[in-house]
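Colleague:
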Amino acid sequence: MATAAASATAPQQVEEVVVTGTHIRDGFTSPVPETIATADRLEATTPTTIPDALNKLPQFAGSAINAGSANGAGSGPPSVLFGNFLSLRSLGPVRTLILLDGRRVPPTTLNGQVDTNTLPEMLTQRVDVVTGGASAVYGSDAVSGVVNFVLDHKFTGLTVEAQTGISDRGDVPSTKLGIAGGGDVLDRGHVIWSYEHYQNTGIKAHEDRDYSASVPVYTGAGTAANPFVLTQDARLSGASLGGLVTSGPFKGQQFVGAGVLAPFNPGTPTKSNGVAVGGDGAYYSGLALTPPVRSDQLFGRFEYDVSNDVKAYLQVNGTEERSADQLTANAPPTPFTIFSGNAFLSASQQAALTAANAPSFTVARLSRDLAADSSTTQTTSNYNITAGLMGTTFKDFVWDAYYTHGEARVRSDLYNNINYPRFYAALDAVKDPGGNTVCRVSITNPGLYPGCTPLNLLGNNTASAAAKAYIYDNTQWQALNKIDDVAATISGVAFQNWAGPVSVALDAEYRSQSLVETSNASSLTTPVTTGIRLGAPPTTNWAYATQAPQQGSNSVWEVGVESVFPLLKDLPFVEKLEVNGAARYTDYSSSGPATTWKVGLNYQPIDDLRFRFSESRDIRAPTLADLYAGTTISILNVNDPHTGVNGVIRVQGGGNPNLVPEVARTSTAGVVYTPSWIPRFSLSFDYYNIVIDNAIGSINGSNTAILQECENSGGTSPVCSTIVRPLPFSDHSAANFPTLVYNLNQNIAQTYTHGFDVEARTDRTLSDLIGGLPGHLDLRLLWSHQPVLKSRTYPTSQLTEATGVAGLSADRVTTTVGYEIGPFSALWEARYLSSQARSGNPLQVYAGPDLPAIWYHDLNFTYRFRSAGHDLQAFVIIDNLFDQQPRISPSTTFAGIPGFGTPYVTGDDPVGRYYTVGLRMKY
Numbered sequence: 003m004a005t006a007a008a009s010a011t012a013p014q015q016v017e018e019v020v021v022t023g024t025h026i027r028d029g030f031t032s033p034v035p036e037t038i039a040t041a042d043r044l045e046a047t048t049p050t051t052i053p054d055a056l057n058k059l060p061q062f063a064g065s066a067i068n069a070g071s072a073n074g075a076g077s078g079p080p081s082v083l084f085g086n087f088l089s090l091r092s093l094g095p096v097r098t099l100i101l102l103d104g105r106r107v108p109p110t111t112l113n114g115q116v117d118t119n120t121l122p123e124m125l126t127q128r129v130d131v132v133t134g135g136a137s138a139v140y141g142s143d144a145v146s147g148v149v150n151f152v153l154d155h156k157f158t159g160l161t162v163e164a165q166t167g168i169s170d171r172g173d174v175p176s177t178k179l180g181i182a183g184g185g186d187v188l189d190r191g192h193v194i195w196s197y198e199h200y201q202n203t204g205i206k207a208h209e210d211r212d213y214s215a216s217v218p219v220y221t222g223a224g225t226a227a228n229p230f231v232l233t234q235d236a237r238l239s240g241a242s243l244g245g246l247v248t249s250g251p252f253k254g255q256q257f258v259g260a261g262v263l264a265p266f267n268p269g270t271p272t273k274s275n276g277v278a279v280g281g282d283g284a285y286y287s288g289l290a291l292t293p294p295v296r297s298d299q300l301f302g303r304f305e306y307d308v309s310n311d312v313k314a315y316l317q318v319n320g321t322e323e324r325s326a327d328q329l330t331a332n333a334p335p336t337p338f339t340i341f342s343g344n345a346f347l348s349a350s351q352q353a354a355l356t357a358a359n360a361p362s363f364t365v366a367r368l369s370r371d372l373a374a375d376s377s378t379t380q381t382t383s384n385y386n387i388t389a390g391l392m393g394t395t396f397k398d399f400v401w402d403a404y405y406t407h408g409e410a411r412v413r414s415d416l417y418n419n420i421n422y423p424r425f426y427a428a429l430d431a432v433k434d435p436g437g438n439t440v441c442r443v444s445i446t447n448p449g450l451y452p453g454c455t456p457l458n459l460l461g462n463n464t465a466s467a468a469a470k471a472y473i474y475d476n477t478q479w480q481a482l483n484k485i486d487d488v489a490a491t492i493s494g495v496a497f498q499n500w501a502g503p504v505s506v507a508l509d510a511e512y513r514s515q516s517l518v519e520t521s522n523a524s525s526l527t528t529p530v531t532t533g534i535r536l537g538a539p540p541t542t543n544w545a546y547a548t549q550a551p552q553q554g555s556n557s558v559w560e561v562g563v564e565s566v567f568p569l570l571k572d573l574p575f576v577e578k579l580e581v582n583g584a585a586r587y588t589d590y591s592s593s594g595p596a597t598t599w600k601v602g603l604n605y606q607p608i609d610d611l612r613f614r615f616s617e618s619r620d621i622r623a624p625t626l627a628d629l630y631a632g633t634t635i636s637i638l639n640v641n642d643p644h645t646g647v648n649g650v651i652r653v654q655g656g657g658n659p660n661l662v663p664e665v666a667r668t669s670t671a672g673v674v675y676t677p678s679w680i681p682r683f684s685l686s687f688d689y690y691n692i693v694i695d696n697a698i699g700s701i702n703g704s705n706t707a708i709l710q711e712c713e714n715s716g717g718t719s720p721v722c723s724t725i726v727r728p729l730p731f732s733d734h735s736a737a738n739f740p741t742l743v744y745n746l747n748q749n750i751a752q753t754y755t756h757g758f759d760v761e762a763r764t765d766r767t768l769s770d771l772i773g774g775l776p777g778h779l780d781l782r783l784l785w786s787h788q789p790v791l792k793s794r795t796y797p798t799s800q801l802t803e804a805t806g807v808a809g810l811s812a813d814r815v816t817t818t819v820g821y822e823i824g825p826f827s828a829l830w831e832a833r834y835l836s837s838q839a840r841s842g843n844p845l846q847v848y849a850g851p852d853l854p855a856i857w858y859h860d861l862n863f864t865y866r867f868r869s870a871g872h873d874l875q876a877f878v879i880i881d882n883l884f885d886q887q888p889r890i891s892p893s894t895t896f897a898g899i900p901g902f903g904t905p906y907v908t909g910d911d912p913v914g915r916y917y918t919v920g921l922r923m924k925y
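Just so we're aligned, residue 3 is where the sequence shown starts under my numbering, counting upward by one.
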């Protein structure tokens with residue numbers, strides 16, 4: 003669909019026509035499915051951001067929204083803790099191309115994706131969503147589709163907006179402020195600009211919502227004999243907050259105060275080793291449920307008519323987003339050794355050790371008191387500048403040439419990370435000859451650990467401020483992503499054939515990009531514990547995940563051609579028949595050449611009916627983070643089915659420079675019905691089928707399914723290479739618990755999906771239906787049916803189903819009803835998400851029923867009035883009107899880690915009922 007952005011009174015002769023899904027600009031209707039959402043309607047249903055509103059449309063599924071809510075538990079590329087990364091059909095943000103006025107948006111984060119919260123909302127006119135492969139038109143990433151934010155380049159006047167919101171529970175306050183302006187300058191020029199601020203405190207801790215405060219976790223092994231069971235009030239039965247003694251004369255007792263021992267209640271055992279219900283065991287408390295976010299965005303565009311045929315333009319966009327003081331610290335309960343003579347033991351405890359001739363004992367402690375001192379602040383700042391010329395030539399041809407430079411910087415500061423060598427030096431506290439409590443290493447190796455301050459961890463909250471200051475340090479990593487993009491397009495009517503104009507479009511593009519990661523605490527640094535008396539040595543230098551430095555770059559050049567060739571016209575039962583074709587040749591410096599193509603057909607037998615078909619070959623090239631991300635080391639609790647041990651494991655992730663582009667084949671077939679006998683009504687149906695081969699997939703050796711697959715194969719499956727054990731696979735003893743697992747991307751996955759979309763809409767003045775009935779009614783229905791989304795992470799792996807399981811409903815429906823009468827308008831939006839099974843892996847067995855279908859309801863009331871000669875709008879919005887709680891299904895990756903990870907299903911609302919009030923003013 004083409005929409006001219008020109009104003010009828012504007013003096014310019016060259017006007018930009020933004021068309022999504024094609025470079026043809028002569029009114030051609032693309033054969034791929036398209037949904038158009040106006041900015042006004044999106045903001046009316048969802049006051050936070052336009053991307054949040056888009057995620058309520060059923061075509062969107064699997065978007066990464068505030069990605070850090072999983073407590074930074076992943077490995078691989080460094081975690082980006084917040085943002086809104088749109089995903090169509092749950093194929094992932096990396097397979098959804100984001101455009102601004104039809105031009106590729108530079109990446110805003112190190113992972114090569116675009117946080118759509120950084121785009122100028124107040125100047126956005128509409129958002130076009132194309133749900134079909136478009137790599138032949140736009141290049142890499144347009145596998146599942148394209149999301150094009152279209153700006154109002156002729157915006158004139160001044161608009162001011164202010165709103166505030168709060169949840170029904172009195173938390174998660176938000177503020178949104180914005181101003182946008184535009185006008186003619188320098189006789190032949192026009193300028194538009196905007197500034198927008200948004201702030202949301204997030205849900206600070208799991209304990210702030212009942213559904214997560216209950217500490218839900220899956221227990222069991224996921225087998226028929228021992229299925230996964232959703233367990234509430236879960237605890238670690240082998241560790242406590244103050245320290246559980248696991249050896250020596252005090253075994254089975256816990257420290258409950260400074261040097262005070264008490265019996266330990268291990269709780270009621272579950273079918274998972276090391277996990278119990280209730281009791282005195284520890285769990286991960288205080289972790290953020292959704293991150294706090296603050297965003298400031300500035301946009302400006304100046305365009306000038308150089309002549310009647312040529313327009314010059316300059317556009318600048320900059321954003322800073324910040325998530326401050328998010329609680330993400332997640333160190334596992336690593337056992338440590340307390341030696342006889344420790345200065346913090348009571349006299350009776352020391353006597354018991356001496357009597358038992360015990361040189362030491364071990365303590366399992368989940369140090370949430372130390373974790374509470376740690377927080378992560380992450381700042382993402384990006385800017386891009388575009389300069390270009392556009393115009394007309396040869397009467398019928400429109401051309402556009404531009405250059406874009408973009409930079410995105412992510413800085414992640416982790417405050418009060420625990421330095422393990424200093425931790426263990428301070429933990430071994432003794433009395434010096436003068437009776438003072440000191441670090442033993444200060445006596446045995448003076449000067450080796452300067453400033454060492456004794457650390458007391460025998461009890462909860464027993465560490466002194468001085469000791470914590472000694473073991474803490476701030477770690478940080480930064481990533482800088484740069485891109486330079488030069489592109490040109492030209493399109494027009496080449497000639498006329500028997501059925502109408504034959505249109506062609508040519509385009510060429512060159513992009514170079516680089517990624518540089520730096521760190522003050524490399525994950526590859528080997529901990530040095532010289533002179534320290536300890537039990538098992540630490541395997542990492544820091545308690546919480548750090549990042550290794552890395553860098554990489556690549557470039558790509560590509561050329562494309564597209565044409566529309568009419569075949570028949572104005573014949574009986576052939577009002578119009580035309581074919582559309584596109585081809586593109588791409589050459590990556592990192593992986594070589596790739597070819598993409600698209601063939602489409604539009605057939606309109608009568609005015610009221612149109613059929614559309616398309617077939618395409620698309621690609622998704624690996625991002626620089628996929629290729630070159632630095633090594634990360636994180637520590638995780640894992641239930642190992644091979645040894646039956648619930649223990650601590652190192653997870654190593656990073657980039658893979660040997661990756662090559664994914665290849666997808668997409669087929670669509672649809673029909674659009676606009677009956678002349680029902681004015682202002684339209685109905686569309688579109689079927690799609692997408693197959694992705696050579697897909698970039700991650701095999702994470704800590705994942706429950708991967709561990710189980712290796713176990714079921716007797717150690718012969720290729721996935722076993724991601725699990726490093728110290729002994730032969732035939733050894734099932736506790737000593738063969740993995741020492742390391744890998745989480746690396748490889749070109750080994752296969753994914754395919756199919757389904758259909760239905761869209762129906764009408765808007766009518768009610769008096770046209772029933773005389774005298776006041777007001778105007780607007781109805782819209784969107785339905786996505788996606789019965790299949792299957793994937794295989796490795797050629798020998800079990801085929802798993804993602805549709806209809808936790809996180810992706812097979813049926814997703816969004817319906818809106820708008821009513822307007824005079825200055826008053828109301829809008830009701832209802833969303834339906836069908837029931838979900840708990841897993842799509844047939845090798846994983848769950849007890850209990852499926853997750854139920856749910857509805858969400860949002861209401862908007864707006865009143866328009868004038869004051870002091872200005873137009874104003876006051877609005878009240880209630881999101882999640884009936885306070886629908888999210889469905890609970892924690893990841894089984896964290897089955898042995900109570901309180902860890904995100905308990906609710908992806909796509910469900912974690913906040914609950916939310917109120918927003920605001921005012922818009924136009925000058």
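No residue lacks a Cβ here, since even glycine has one placed at the ideal position from N, Cα and C.
From a predicted model like this one, the values you see are computed outputs, not experimental measurements.
Helix, strand or coil: how does DSSP classify Tyr472 here?
Modeller: Here residue 472 refers to the residue found at position 470 of the sequence shown. Reduced to three states, the DSSP call for Tyr472 is helix.
Colleague: Return the residue from the list Val530, Trp785, Arg794 and Gly390 that minimises the CA-CA distance to Thr816.
Modeller: The sequence position of residue 816 within the sequence shown is 814, counting from 1. Closest by alpha carbon: Trp785.
Colleague: Can you tell which of Asn150, Asp54 and Val162 has the C-alpha that lies nearest to the C-alpha of Leu921?
Modeller: As a first step, residue 921 must be located in the sequence shown, where it is residue number 919. Of the candidates Asn150, Asp54 and Val162, the one whose C-alpha sits nearest the C-alpha of Leu921 is Val162.
Colleague: Taking the continuous beta strand (DSSP E) assigned at Val642, which residues delimit it?
Modeller: Here residue 642 refers to the residue found at position 640 when the sequence shown is read from its first residue. Reading the sequence as shown, one finds Asp at residue 642 and not Val. Thr634 to Asp642 is the span of the beta strand (DSSP E), which, as asked, contains Asp642.
Colleague: So for Ala314, helix, strand or coil by DSSP?
Modeller: Within the sequence shown, numbered from 1, the residue matching residue 314 stands at position 312. Of the three classes helix, strand and coil, the one that applies to Ala314 here is strand, per DSSP.
Colleague: Under DSSP, the alpha helix (DSSP H) around Asp170 begins and ends at which residues?
Modeller: To locate residue 170, count along the sequence shown from 1; it is residue 168. From DSSP, Asp170 is part of no alpha helix (DSSP H); its letter is neither H nor E.
Colleague: Less than 6 Å between C-beta atoms, sequence neighbours within five positions excluded: which residues of the same chain meet that for Ala72?
Modeller: Within the sequence shown, residue 72 is the residue found at index 70, counting from 1. The predicted model places Ala72 with a pLDDT of 39, which falls under 50 and marks its position as unreliable; any figure quoted below should be read in that light. Taken in chain order, the residues that qualify are Gly903 and Thr904.
Colleague: If contacts are defined as beta-carbon pairs under 8 Å, then Leu853 and Arg889 qualify, I think. What distance do you get, rounded to the angstrom?
Modeller: The residue given as residue 853 occupies position 851 in the sequence shown. The residue given as residue 889 occupies position 887 in the sequence shown. So it is a contact: roughly 4 Å between Cβ atoms.
Colleague: If I'm right that Pro892 touches Pro218 with Cβ under 8 Å, what's the distance once you round it to whole angstroms?
Modeller: Residue mapping note: residue 892 aligns to position 890 of the sequence shown, counting from 1. Residue mapping note: residue 218 aligns to position 216 of the sequence shown, counting from 1. Rounded, the Cβ-Cβ distance is 6 Å, consistent with contact.
Colleague: How many angstroms separate the CA atom of Asp465 from the CA atom of Asn458?
Modeller: As a first step, residue 465 must be located in the sequence shown, where it is residue number 463. As a first step, residue 458 must be located in the sequence shown, where it is residue number 456. Before going on, a small fix: residue 465 reads as Ala here, not Asp. In a straight line, the C-alpha of Ala465 is about 5 Å away from that of Asn458.
Colleague: Let me know the secondary structure DSSP gives Cys441 once reduced to three states.
Modeller: By one-based count along the sequence shown, residue 441 stands at place 439. Reduced to three states, the DSSP call for Cys441 is strand.
Colleague: Quick check on this structure: which residue in Asn57, Trp599, Val919 and Phe683 has the alpha carbon closest to the alpha carbon of Leu781?
Modeller: On the sequence shown, position 779 is the one that residue 781 refers to. The shortest Cα separation from Leu781 among Asn57, Trp599, Val919 and Phe683 belongs to Phe683.
Colleague: The alpha helix (DSSP H) with Phe425 in it runs from where to where?
Modeller: The residue given as residue 425 occupies position 423 in the sequence shown. Note, Phe425: alpha helix (DSSP H), Tyr422 to Leu429.
Colleague: Compute the Euclidean distance between the alpha carbons of Gly954 and Glu198, then round it to the nearest angstrom.
Modeller: Because the chain here runs from 3 to 925, residue 954 falls outside it and cannot be looked at.
Colleague: In or out: Arg612 buried (at least 16 other Cβ within 10 Å) or exposed?
Modeller: Start at 1 with the first residue of the sequence shown, and residue 612 comes out as number 610. That one is buried.
Colleague: Ends of the alpha helix (DSSP H) at Ala223?
Modeller: Residue numbering aside, residue 223 sits at position 221 when the sequence shown is read from its first letter. No alpha helix (DSSP H) holds Ala223; DSSP gives it neither H nor E.
Colleague: Comparing C-alpha positions only, which one of Asp733, Arg513 and Gly594 sits nearest to Pro108?
Modeller: Within the sequence shown, the letter at position 106 stands for residue 108. Closest option to Pro108, Cα to Cα, is Arg513.
Colleague: Given a cut-off of 8 Å, decide if Gly562 and Ala138 are closer than it, judged by their beta-carbon atoms.
Modeller: What you label residue 138 is simply residue 136 of the sequence shown in a count that begins at 1. What you label residue 562 is simply residue 560 of the sequence shown in a count that begins at 1. Yes.
Colleague: Quick check: the Cα distance between Val506 and Tyr605, rounded to an integer number of angstroms?
Modeller: As a position in the sequence shown, residue 506 is number 504, starting the count at 1. As a position in the sequence shown, residue 605 is number 603, starting the count at 1. Approximately 19 Å between the Cα atoms of the pair.
Colleague: Going by the DSSP bridge assignment, what does Glu123 pair with across the sheet?
Modeller: The residue given as residue 123 occupies position 121 in the sequence shown. Answer is none; Glu123 lacks a bridge partner.
Colleague: In this structure, does DSSP put Tyr285 in helix, strand or coil?
Modeller: Counting from 1 along the sequence shown, the entry for residue 285 is found at position 283. Of the three classes helix, strand and coil, the one that applies to Tyr285 here is coil, per DSSP.
Colleague: The beta strand (DSSP E) spanning Pro851 covers which residue range?
Modeller: Reading the sequence shown from its first residue, position 849 is the one you call residue 851. Careful: Pro851 lies outside any beta strand (DSSP E) and carries neither H nor E.
Colleague: Could you tell me whether the Cβ atoms of Thr51 and Tyr200 are closer together than 8 Å?
Modeller: In the sequence shown, the residue the question calls residue 51 occupies position 49. In the sequence shown, the residue the question calls residue 200 occupies position 198. Yes, the pair counts as a contact, with Cβ atoms nearer than the cut-off.
Colleague: Measure from the alpha carbon of Pro568 to the alpha carbon of each residue in Gly554, Gly583 and Ser555, then state which is nearest.
Modeller: In the sequence shown, residue 568 corresponds to position 566, counting from 1. Among Gly554, Gly583 and Ser555, the Cα nearest to that of Pro568 belongs to Gly583.
Colleague: Using only alpha-carbon positions, find the residue among Thr37, Val726 and Tyr472 that is nearest to Val148.
Modeller: Here residue 148 refers to the residue found at position 146 when the sequence shown is read from its first residue. Looking at the Cα atoms, Thr37 is the closest of the given residues.
Colleague: Between which two residues does the alpha helix (DSSP H) containing Arg682 stretch?
Modeller: Locating residue 682 in the sequence shown gives position 680, counting from the first residue. Here Arg682 belongs to no alpha helix (DSSP H), and DSSP marks it neither H nor E.
Colleague: Report the CB separation of Ser686 from Ile651 in whole angstroms; it is logged as a contact under 8 Å.
Modeller: Along the sequence shown, one-based indexing puts residue 686 at 684. Along the sequence shown, one-based indexing puts residue 651 at 649. So it is not a contact: roughly 50 Å between Cβ atoms.
Colleague: Mind checking Thr718: buried by the 16 CB within 10 Å criterion, or exposed?
Modeller: Residue mapping note: residue 718 aligns to position 716 of the sequence shown, counting from 1. Looking at its Cβ environment, which holds fewer than 16 other Cβ atoms inside 10 Å, Thr718 is exposed.
Colleague: According to the neighbour-count rule (16 or more other Cβ atoms, all chains shown, within 10 Å of its Cβ), is Asn463 buried or exposed?
Modeller: Taking the first residue of the sequence shown as 1, we reach residue 463 at position 461. It counts as exposed.
Colleague: By alpha-carbon positions, which one of Ala226, Leu291, Pro335 and Gly554 ends up nearest to Leu273?
Modeller: Position 271 of the sequence shown, counting from 1, holds the residue named residue 273. Correcting the residue identity first, residue 273 is Lys in this sequence and not Leu. Measuring from the Cα of Lys273, the nearest candidate turns out to be Ala226.
Colleague: Mind the definition here: the region 47-64 touches the region 129-145 only if three or more C-beta pairs lie below 8 Å; say whether that holds.
Modeller: Touching, yes, given that three or more Cβ pairs across the two stretches are closer than 8 Å.
Colleague: So who's on the other strand from His2, going by DSSP bridges?
Modeller: Past the boundaries of the shown model lies residue 2; the chain is included only from 3 to 925, so the question cannot be answered.
Colleague: Determine the burial state of Thr532: buried for a count of at least 16 other Cβ atoms within 10 Å of its Cβ, exposed for fewer.
Modeller: In the sequence shown, residue 532 corresponds to position 530, counting from 1. It counts as exposed.
Colleague: Which runs of the beta strand (DSSP E) fall wholly inside the region 77-117 and span at least 3 residues, in chain order?
Modeller: Those beta strand (DSSP E) runs which fall completely within the region 77-117 and span 3+ residues are 98-102.
Colleague: Indicate the three-state DSSP secondary structure (helix, strand or coil) for Gln553 in the structure shown.
Modeller: For the purposes of this step, residue 553 is taken as residue 551 along the sequence shown, with counting starting at 1. In the structure shown, Gln553 sits in a strand (DSSP, three-state: E or B).
Colleague: Straight-line CA distance for Ile680 to Val576?
Modeller: Numbered from 1 along the sequence shown, position 678 holds the residue referred to as residue 680. Numbered from 1 along the sequence shown, position 574 holds the residue referred to as residue 576. Their backbone Cα atoms lie some 22 Å apart in a straight line.
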